[in-house]
Amino acid sequence: MPVVNDPIGDMLTRIKNAYQARLEEVMMPSSKFRVAVAEVLKREGYIADYRVITEQELAKGLQVLDQALERKAVFPAFLKSSDYDLVEAIRKKGINVSRDAERALRLLKQLFENRLLEHPKKRGVLKQGILVVKLRYLDGRPPKPALTGVKRISKPGRHLYARKHQIPRVMAGLGIALLSTSQGVMSDSEARRKGIGGEILAYVW
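Okay, so the sequence shown: first residue is 912 according to the numbering used here, each after it adds one.
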């Protein structure tokens, strides 16, 4: 994967684009900071849930995939295609696939389709884990995305800070500001309640 210079901006853009595409979930490389942002978004109702897929969770699938690659049962060029059934291709070559391995292989296939894995032998991204964000839609016809917009405020090379009495209200309280504070990542309302300021990461509405 290419190096991302603005992980939080990248995260929020992925989530916004996933909502615009009416997806159920979106995947991205994980980090402690991204998980902290996801926790705030969940708490504030902008996403339904999140989880982190670990390398250990994928271990059995990776073992089977390595075996399949050795036997030339899998062609790396096909892994990014949504029409390619990875598990079926492996089983056709007589390789045993347990239930746990099948579950892991199907997760791996999603990672290839989402371009989080570019090649079966290049797995560095798995060491940090994969953050899966489940999106939330509000009742309506059609259902409405819980998040409709984001605006990055602080950026690499330009950090914007606010003291406790300077924290902005986003869209008259209809949105939130994400802040990085001495007590972790939180929303503007949480920061006001705690009486602390911090770096303004982004606006979300």
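Cβ atoms here follow ideal geometry from the backbone N, Cα and C, with glycine treated the same way. From a predicted model like this one, the values you see are computed outputs, not experimental measurements.
Q) Using the rule of at least 16 other Cβ atoms within 10 Å of the residue's Cβ for burial, across every protein chain shown, is K1020 buried or exposed? A) Residue mapping note: residue 1020 aligns to position 109 of the sequence shown, counting from 1. By the neighbour-count criterion, in which a residue is buried when 16 or more other Cβ atoms sit within 10 angstroms of its Cβ, K1020 is buried.
Discussion item. Any contact between the segment 990-998 and the segment 1080-1091? By contact I mean 3 or more CB pairs, one from each, below 8 Å.
Written reply: Too few Cβ pairs lie closer than 8 Å, so no.
For L1016, count the other beta carbons within 10 Å of its own beta carbon; 16 or more makes it buried, fewer makes it exposed. Which is it?
In the sequence shown, counting from the first residue as 1, residue 1016 sits at position 105. That one is buried.
Given that a residue counts as buried once 16 or more other Cβ atoms are within 10 Å of its Cβ, and exposed if not, what is R1104? Residue numbering aside, residue 1104 sits at position 193 when the sequence shown is read from its first letter. R1104 counts as exposed, since fewer than 16 other beta carbons sit within 10 angstroms of its beta carbon.
| field | G949 classed as buried or exposed, judged by whether at least 16 other C-beta atoms fall within 10 angstroms | value | Position 38 of the sequence shown holds residue 949. One point to set straight first is that residue 949 is Ala, not Gly, in the sequence displayed. So A949 ends up on the buried side.
Please classify G1132: is it buried, with 16 or more other beta-carbons within 10 angstroms of its beta-carbon, or exposed?
-> Since the first residue shown for the chain is 912 and the last is 1116, residue 1132 is missing from the structure and cannot be characterised.
- Message: Checking the sheet assignment: what are the DSSP bridge partners for R1026?
- Response: As a first step, residue 1026 is located in the sequence shown; it is residue number 115 there, counting from the start. The partner list for R1026 (beta bridge, DSSP) is empty, contrary to what the question assumes.
task: Between the Cα of W1116 and those of G972, K927, M922, spot the shortest distance and give me the residue it belongs to.
output: The sequence position of residue 1116 within the sequence shown is 205, counting from 1. Measuring C-alpha to C-alpha distances from W1116 to each of G972, K927, M922 identifies K927 as the nearest.
Q) I think Q1077 touches G1108, with their Cβ atoms under 8 Å apart; what is that distance to the nearest whole Å? A) Here the question's residue 1077 lines up with position 166 in the sequence shown. Here the question's residue 1108 lines up with position 197 in the sequence shown. Taking the Cβ atoms as the reference, Q1077 lies roughly 7 Å from G1108, within the contact range of under 8 Å.
Check: Over what stretch of residues does the alpha helix (DSSP H) that includes A949 continue unbroken?
Finding: If you number the sequence shown from 1, residue 949 lands on position 38. Unbroken alpha helix (DSSP H) run through A949: 943-954.
**Prompt:** Looking at the structure shown, is S1091 part of a helix, part of a strand, or coil, going by DSSP?
**Reply:** Translated into the one-based positions of the sequence shown, residue 1091 becomes position 180. DSSP places S1091 in strand when its eight states are reduced to three.
Assign P1053 to buried or exposed, taking buried as 16 or more other Cβ atoms, counted over all protein chains shown, within 10 Å of its Cβ. Here residue 1053 refers to the residue found at position 142 of the sequence shown. Counting Cβ neighbours within 10 Å, P1053 comes out exposed, since fewer than 16 surround it.
Kindly give me the distance between the Cβ atoms of Y930 and L1058, rounded to whole angstroms, as I take these residues to be in contact under 8 Å. Locating residue 930 in the sequence shown gives position 19, counting from the first residue. Locating residue 1058 in the sequence shown gives position 147, counting from the first residue. Taking the Cβ atoms as the reference, Y930 lies roughly 6 Å from L1058, within the contact range of under 8 Å.
Nearest-angstrom beta carbon gap, K1045 and A947 [assumed within contact, 8 Å]: As a working mapping, residue 947 is identified with position 36 in the sequence shown. As a working mapping, residue 1045 is identified with position 134 in the sequence shown. With a Cβ gap of about 17 Å, A947 and K1045 do not count as contacting.
Assuming G920 and R1063 form a contact by the criterion Cβ under 8 Å, report the distance between their Cβ atoms to the nearest whole angstrom.
Within the sequence shown, numbered from 1, the residue matching residue 920 stands at position 9. Within the sequence shown, numbered from 1, the residue matching residue 1063 stands at position 152. Contact holds; Cβ gap of about 5 Å.
### Task
Just tell me which of S942, R925, S941, V1061 has its CA closest to the CA of E935.
Mapped onto the sequence shown, residue 935 falls at position 24. Minimum Cα distance to E935 is reached at R925.
Limits of the alpha helix (DSSP H) - the one that I1041 falls within: Within the sequence shown, the letter at position 130 stands for residue 1041. Segment 1041-1046 is the beta strand (DSSP E) holding I1041; no alpha helix (DSSP H) there.
Could you check how far apart the C-beta atoms of L1112 and A1102 are, in whole angstroms? I think they sit under 8 Å. Here residue 1112 is taken as the residue at index 201 of the sequence shown, counted from 1. Here residue 1102 is taken as the residue at index 191 of the sequence shown, counted from 1. Contact flag wrong, Cβ pair sits at about 11 Å.
**Item:** Delimiting residues of the beta strand (DSSP E) encompassing K1003
**Value:** The count along the sequence shown starts at 1 and reaches residue 1003 at position 92. Unbroken run through K1003 is the alpha helix (DSSP H), 997-1003; no beta strand (DSSP E).
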